[in-house]
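Here's the structure, in structure tokens; my notes come after.
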Amino acid sequence: MNKNLDDDRLLYEDDEHQFIWFGWEEDEGSNSFVQTNQCLIINGGQGYLFDPGGTYVFHHVLEQVTRYIHPRQLNTMIATHQDPDVCSSAPYWMKATDAKLLISNLWLHFVSHFGLDEPERVVPIPDRGAKLRLPSGDHLLILPAHFLHSEGNFSIFDERSGILFTGDIGASIYPAGGREIFVEDFEAHKAFMAPFHKRYMHSNAVCRHWVARIRALPKEVKMIVPQHGAMFQGDQVEAFLAWFEELQCGGDYLKAIYADQPF
Amino acid sequence: MVEGSVESSKVLYEDDDHQYVWFGWEDPDTEESLVQSNQVLVVNQNQGYLFDPGGAFIFAEVAAEVNKYLPLDQIRYLIATHQDPDVLSSVTLWLKATNARLLVSRLWVRFVSHFGFSDNSRLIAIEDRGKMIKLPAGGEIIMLPAHFLHSEGNFSFYDSRSKILFSGDIGAAVFPKGERYLMVEDWEKHLTYTEGFHKRYMGNNAALRKWVSMIRQYPIEMIVPQHGAIIGKEHIPKFLDWLENLQCGTDLLDEFYGF
């Protein structure tokens, strides 16, 4: 763990609502793992955990969550998509809590292969997304983000805090020891985002679709929290949307990718 | 699954030095919650190559079945088409049970370790263009690019000795309850079990065309997908023609985004 970095941080707080970020990383085996972020919302004594993480980090994330809320108060887990770094810890979370797991209907019958005892606690999210009502009456909007990268993929907007959790969209991968919690210099930050986005995201047409949807949200996006790497705040939110909207990626480079040529 | 109606393993090709064995796991009790998955073992001169070893949930059954053909410590490589849980969440257990190394797309090397292991010295990244491994008794396994079909870092595996192509999710079928067969017989009927899956999960028509034109350069006796039935030689031209013309994934973006 880089001692200069916190591994948890309260991003938003009022009397009824908290939004907490966890950012797991360790020195040992850091070449083996991509660093991951998890988010916890606490509203009316209920917990909502986004992208609970890989099996390997389970005990670490659980310990952090427990500092804020009793695991039995965890109401819902939401997985943006099916990847191992996103939700292979699901079987352990299902045992440690009574929470439901929400995931795209595309992955419903696939995540059970992680080894879930109670598949009825996995709730499919339809392609168009979903709206979750929190105890305070505010909503979490689960927004379609398909093909960015996963075919069945969502972003999560917390209306109360104005924080958008974007999964792999906006993710950055740093060289060892180079990680930041918040993006400091957006121009310099592009170098840590571009290789990942160009190869994993499906195509510019999809990026545009998603950006249009985000711009049309009923409330201002104050912060963007991806599942890997640093967060965007203030003007960086629009800077990121403008960059992503213009990005050529994935299928736009199909020929080069199949031929293994640089792009 | 009707008990006894479909075997759980079958030798698809055999000569003196080479076997190609299909495993088709399905749990009759929990079939509603789990997608059925196929695994393949290639045995060449007493060395094993296991394709898409499967989910953690089914590890014990697959390992027991594989062990009937080859001691587990003779498995040389585990080879994964992509990173999904039904393909590979058993990997932590397989790495413990064998001395094998895992071949997986370079895109997923730092993601699959999240299944639960910290030592990735036994992982080998497959570059985007693919990879070829020579078999001790002659022939090779060729990992052909199949990116965006569905996974962004995805491969199909061609065994030059048996001329069987393992296609991962491409060609997969999702059967209704109680209906399942090992070999495709009626192509038109089979299409009804494959079309919905391909339209939603496959990247787009351009990627399909790229893959089909590459596959047509290889003589193929059989196509084995990771889910559902095996496509025999007589149906392969129809299958490739169908794929080549399929609109899917981002071609139908508005439909899936709902606006």
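Quick mapping for you: the protein sequence lines, in order, are chains A and B. Residue numbering for the first sequence follows my numbering, starting at 1 and increasing by one per position. Residue numbering for the second sequence follows my numbering, starting at 1001 and increasing by one per position. Using N, Cα and C, we set each Cβ at its ideal position, and we do this for glycine too.
Residue ranges of each alpha helix (DSSP H) run of no fewer than 4 residues wholly in the segment 1190-1243 of chain B, ordered along the chain?
If we require 4 residues or more, the alpha helix (DSSP H) runs fully inside the segment 1190-1243 of chain B come out as 1205-1215.
Find the residues of chain B that neighbour A/Glu-63, judging by a C-beta separation of less than 8 Å, and give them in chain order.
Residue numbering aside, residue 63 of chain A sits at position 63 when the first sequence is read from its first letter. Simply none; closest approach about 17 Å.
Return helix, strand or coil for A/Asn-31, following the three-state DSSP convention.
The residue you call residue 31 of chain A lines up with position 31 of the first sequence. Coil at A/Asn-31, not helix or strand.
Scan the segment 1121-1136 of chain B for residues whose Cβ lies nearer than 7 Å to a Cβ of chain A and list them as they occur along the chain.
Within the segment 1121-1136 of chain B, the qualifying residues are Glu-1127, Asp-1128, Arg-1129.
Give me, in chain order, the residues of the same chain whose beta-carbon lies closer than 6 Å to that of B/Leu-1078; leave out the 5 immediate sequence neighbours on both sides.
Numbered from its first residue, the second sequence carries residue 1078 of chain B at position 78. Its chain contains Leu-1050, Pro-1053, Trp-1094, Ala-1100, Leu-1102 as the residues whose beta carbon lies nearer than 6 Å to that of B/Leu-1078, once the 5 sequence neighbours on both sides are disregarded; these appear in chain order.
Beta-ladder partner(s) of B/Gly-1048, from DSSP:
On the second sequence, position 48 is the one that residue 1048 of chain B refers to. Beta-bridge partners assigned by DSSP to B/Gly-1048: B/Val-1043, B/Ile-1075.
Along the alpha helix (DSSP H) that carries A/Asn-204, what are the first and last residues, could you check?
Your numbering for residue 204 of chain A matches position 204 in the first sequence. According to the DSSP assignment, A/Asn-204 belongs to the alpha helix (DSSP H) that extends over 204-215.
Using CA coordinates, which residue listed in B/Ser-1213, B/His-1235, B/Arg-1161 is at the minimum distance from B/Asp-1186?
In the second sequence, the residue the question calls residue 1186 of chain B occupies position 186. Closest by alpha carbon: B/His-1235.
Residue closest to A/Tyr-68, alpha-carbon to alpha-carbon, out of A/Phe-147, A/Val-123, A/Phe-154, A/Trp-21
Working through the first sequence from its first residue, we reach residue 68 of chain A at position 68. The shortest Cα separation from A/Tyr-68 among A/Phe-147, A/Val-123, A/Phe-154, A/Trp-21 belongs to A/Trp-21.
Can you list the residues of chain B that A/Thr-55 reaches, using a CB-CB cut of under 7 Å?
Locating residue 55 of chain A in the first sequence gives position 55, counting from the first residue. Result: His-1114, Phe-1115, Gly-1116.
Distance check for A/Gly-152 and B/Pro-1237, CA to CA, integer angstroms please.
Start at 1 with the first residue of the second sequence, and residue 1237 of chain B comes out as number 237. Start at 1 with the first residue of the first sequence, and residue 152 of chain A comes out as number 152. Taking the straight line from one Cα to the other gives about 30 Å.
Counting Cβ pairs, one atom from each stretch, are 3 or more of them under 8 Å apart for the segment 1221-1234 of chain B and the segment 1161-1172 of chain B?
With the cut-off at 8 Å, the segment 1221-1234 of chain B and the segment 1161-1172 of chain B touch.
How about B/Leu-1246: is its C-beta nearer than 8 Å to some C-beta of chain A?
On the second sequence, residue 1246 of chain B is found 246 positions in, with the first residue counted as 1. Not one chain A Cβ lies under 8 Å of B/Leu-1246.
Taking its Cβ as the centre, do 16 or more other Cβ atoms sit within 10 Å of A/Pro-126, making it buried, or is it exposed?
Along the first sequence, read from residue 1 onward, the residue named residue 126 of chain A stands at position 126. By the neighbour-count rule (16 or more Cβ atoms within 10 Å), A/Pro-126 is not buried but exposed.
Taking B/Gln-1083 as the query, report the chain A residues whose CB atoms sit under 7 Å from its CB, ordered along the chain.
Translated into the one-based positions of the second sequence, residue 1083 of chain B becomes position 83. Those within 7 Å of B/Gln-1083 in chain A are Asp-83, Pro-84.
Endpoints, the alpha helix (DSSP H) within which B/Arg-1110 is located
The count along the second sequence starts at 1 and reaches residue 1110 of chain B at position 110. It spans 1109-1112 - the alpha helix (DSSP H) in which B/Arg-1110 sits, taken as one unbroken run.
Using only CA atoms, which one of B/Leu-1191, B/Asp-1251, B/Gly-1258 lies nearest to B/Gly-1240?
On the second sequence, position 240 is the one that residue 1240 of chain B refers to. Just to set this straight, residue 1240 of chain B is Leu in the shown sequence, not Gly. B/Leu-1240 has its Cα closest to that of B/Leu-1191, out of B/Leu-1191, B/Asp-1251, B/Gly-1258.
Only counting the same chain, and skipping five residues up and downstream in sequence, which positions put a Cβ closer than 7 Å to that of A/Phe-58?
Working through the first sequence from its first residue, we reach residue 58 of chain A at position 58. Only Ser-89, Tyr-92 meet the Cβ criterion.
From the DSSP output, which residues share a beta bridge with A/Thr-76?
If you number the first sequence from 1, residue 76 of chain A lands on position 76. Partner(s): A/Tyr-48, A/Lys-100.
Note down, in chain order, each residue of its chain lying with its Cβ closer than 6 Å to the Cβ of B/Pro-1071, except the 5 sequence neighbours on either side.
Here residue 1071 of chain B refers to the residue found at position 71 when the second sequence is read from its first residue. So no residue of the chain qualifies.
Whole angstroms is fine: what's the gap from A/Phe-33's alpha carbon to B/Pro-1136's?
Locating residue 33 of chain A in the first sequence gives position 33, counting from the first residue. Locating residue 1136 of chain B in the second sequence gives position 136, counting from the first residue. Going from the Cα of A/Phe-33 to the Cα of B/Pro-1136 covers about 33 Å.
Inter-stretch contact at 8 Å, needing at least 3 Cβ pairs: the segment 180-194 of chain A / the segment 104-121 of chain A:
They do not touch, by the three-pair rule.
Kindly give me the distance between the Cβ atoms of B/Val-1184 and B/Ala-1229, rounded to whole angstroms, as I take these residues to be in contact under 8 Å.
Within the second sequence, residue 1184 of chain B is the residue found at index 184, counting from 1. Within the second sequence, residue 1229 of chain B is the residue found at index 229, counting from 1. With a Cβ gap of about 5 Å, B/Val-1184 and B/Ala-1229 count as contacting.
C-alpha distance - B/Lys-1233 paired with B/Leu-1165, whole-angstrom precision
What you label residue 1233 of chain B is simply residue 233 of the second sequence in a count that begins at 1. What you label residue 1165 of chain B is simply residue 165 of the second sequence in a count that begins at 1. Going from the Cα of B/Lys-1233 to the Cα of B/Leu-1165 covers about 11 Å.
At a Cβ cut of 7 Å, what residues of the segment 184-195 of chain A count as close to chain B, listed as they run along the chain?
Cβ proximity to chain B below 7 Å picks out nothing from the segment 184-195 of chain A.
Using 8 Å as the threshold, is the segment 1103-1112 of chain B in touch with the segment 1147-1160 of chain B, meaning 3 or more CB pairs across them?
Short answer: they touch.
Within 8 Å of any Cβ in chain B, is that where the Cβ of A/Val-221 sits?
Position 221 of the first sequence, counted from the start, is the residue given in the question as residue 221 of chain A. For A/Val-221, no Cβ of chain B is located within less than 8 Å of the residue's own Cβ.
Closer than 7 Å, Cβ to Cβ, to anything on chain B: give me those residues from the segment 194-209 of chain A, in chain order.
So the list reads Arg-199, Tyr-200, His-202, Ser-203, Ala-205, Val-206, His-209, given in the order they occur along the chain.
Would you mind sorting B/Gly-1249 into buried or exposed? The rule is 16 or more other CB atoms within 10 Å of its CB.
One-based indexing of the second sequence puts residue 1249 of chain B at position 249. Around the beta carbon of B/Gly-1249, a 10 Å sphere encloses 16 or more other beta carbons of the protein chains shown; the residue is thus reported as buried.
Contacts that B/His-1235 makes with chain A (C-beta to C-beta distance below 9 Å)
For this step, residue 1235 of chain B is matched to residue 235 along the second sequence. The contacting residues do not exist; B/His-1235 stays about 25 Å from chain A at best.
Using the C-alpha atoms, what's the distance from B/Asn-1038 back to B/Ile-1247?
For the purposes of this step, residue 1247 of chain B is taken as residue 247 along the second sequence, with counting starting at 1. For the purposes of this step, residue 1038 of chain B is taken as residue 38 along the second sequence, with counting starting at 1. It is Gln, not Ile, that sits at residue 1247 of chain B in the sequence shown. Within the model, the alpha-carbon separation for B/Gln-1247 versus B/Asn-1038 is close to 26 Å.
Does DSSP put B/Gly-1168 in a helix, in a strand, or in coil?
What you label residue 1168 of chain B is simply residue 168 of the second sequence in a count that begins at 1. Note: B/Gly-1168 maps to strand in three-state DSSP.
Alpha helix (DSSP H) containing B/Phe-1059: first to last residue?
Residue 1059 of chain B sits at position 59 when you count from the first residue of the second sequence. If you look at B/Phe-1059, you'll find it in the alpha helix (DSSP H) that goes 1059-1067.
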